[in-house]
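Working notes for the structure below.
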Amino acid sequence: MGRTENDTWDLASSVGATATMVAASRARATRAALIDDPLAEPLVRAVGIDFFIRWASDELRPEDVDLPDAPWGMQRMTDQQAARTRYIDAFFVAAQHDGMPAGIRQVVILTSGLDTRGYRPPWARGTTVFEIDVAQVFAFKTTALAENYYCTAAPRRQAATREGNREGFADAERHTCQATRRVSGPRFHPERRRSAGRTGAGRFGRRGDQDRGARR
Numbered sequence: 343m344g345r346t347e348n349d350t351w352d353l354a355s356s357v358g359a360t361a362t363m364v365a366a367s368r369a370r371a372t373r374a375a376l377i378d379d380p381l382a383e384p385l386v387r388a389v390g391i392d393f394f395i396r397w398a399s400d401e402l403r404p405e406d407v408d409l410p411d412a413p414w415g416m417q418r419m420t421d422q423q424a425a426r427t428r429y430i431d432a433f434f435v436a437a438q439h440d441g442m443p444a445g446i447r448q449v450v451i452l453t454s455g456l457d458t459r460g461y462r463p464p465w466a467r468g469t470t471v472f473e474i475d476v477a478q479v480f481a482f483k484t485t486a487l488a489e490n491y492y493c494t495a496a497p498r499r500q501a502a503t504r505e506g507n508r509e510g511f512a513d514a515e516r517h518t519c520q521a522t523r524r525v526s527g528p529r530f531h532p533e534r535r536r537s538a539g540r541t542g543a544g545r546f547g548r549r550g551d552q553d554r555g556a557r558r
């Protein structure tokens with residue numbers, strides 16, 4: 343189904359189902375001890391799509407659902423999410439402690455979906471995590487995790503993309519790291535303070551640093 347401006351969806355349909363599929367992949371990778379995301383499976387179960395629940399809980403085998411020699415499938419998705427999660431988790435830990443004397447204390451997660459980094463990492467004291475997505479995703483995730491007795495590991499602020507209200511949003515003058523859906527390792531240069539653009543994890547400098555970097 344094509345997307346249109348101001349269309350509606352939930353986590354069981356359209357782009358929302360993609361977020362649930364990604365969470366199911368992280369849940370399965372957690373069961374395989376490739377990553378540690380214990381919150382992924384409860385979220386998948388809360389959405390209620392049977393196929394993704396069975397994949398997350400290891401009830402389905404790759405050969406049951408993936409075409410032989412296909413370039414993409416659920417197992418490849420799971421492997422990709424395992425690598426991506428380990429990379430970005432390690433990036434955030436390093437960003438909190440390496441590089442600048444005070445470390446980074448502001449994190450922005452774009453199109454956060456069912457991402458759980460606002461809840462599970464051991465964030466350094468003074469860190470604020472900002473999540474950006476649509477309001478119904480925040481409502482669902484907050485309720486589902488609260489029902490499973492999970493609380494945030496750092497102060498967390500949510501910004502709904504369609505509300506247009508940026509009050510209380512991330513401070514552009516603070517050193518910041520961000521996560522997006524794409525990972526592009528070769529573009530990531532941890533020694534630079536400028537924006538990493540479309541990489542899956544990027545470190546931002548203060549606004550003046552970014553402007554100078556853009557002019558180079």
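As numbered in the numbering used here, residues 343 to 558 make up the sequence shown, in order. Even glycine gets a Cβ: it sits at the ideal position worked out from N, Cα and C.
Straight-line gap, residue i to residue j (C-alpha atoms, nearest Å)
i, j, result
"R534", "V476", "Bear in mind that the predicted position of R534 carries a pLDDT of just 39, short of 50, making it too unreliable to give a figure here."
"V301", "D400", "Here the chain has residues from 343 to 558 only, and residue 301 is not among them."
"L456", "A361", "6 angstroms"
"M419", "A466", "31 angstroms"
"S454", "T469", "17 angstroms"
"Q438", "Q423", "22 angstroms"
"M363", "N490", "20 angstroms"
"P443", "F434", "At P443 the pLDDT is 47, less than 50, meaning the model places this residue with poor confidence and gives no usable figure here."
"R459", "P410", "34 angstroms"
"I474", "Y461", "15 angstroms"
"I446", "I430", "14 angstroms"
"L452", "A412", "30 angstroms"
"A488", "D406", "34 angstroms"
"K483", "A432", "24 angstroms"
"L402", "D421", "15 angstroms"
Sequence-distant residues of its chain with Cβ nearer than 6 angstroms to residue i (five each side left out)
i, result
"P404", "Q417"
"A481", "none"
"A366", "V386, F394, W397 and A398"
"A388", "A486"
"P384", "N490"
Top-ranked residue by Cα proximity to residue i, from the options
i, options, result
"A398", "A437, D408 and R373", "R373"
"G390", "G415, G358 and W414", "G358"
"R426", "L376, K483 and V479", "L376"
"L353", "L402, D392, I446 and P463", "D392"
Environment of residue i [buried if 16+ CB atoms lie within 10 Å]
i, result
"A486", "buried"
"W414", "exposed"
"A371", "buried"
Same chain, Cβ closer than 7 angstroms to residue i, neighbours up to 5 away in sequence not counted
i, result
"R368", "I377, D379, A382, Q423 and T427"
"D408", "G415, M416 and Q417"
Cβ-heavy atom distance, residue i to the ligand HEM, below 7 angstroms
i, result
"T427", "Among the components of this structure there are no ligands whatsoever, and the ligand HEM is therefore not found."
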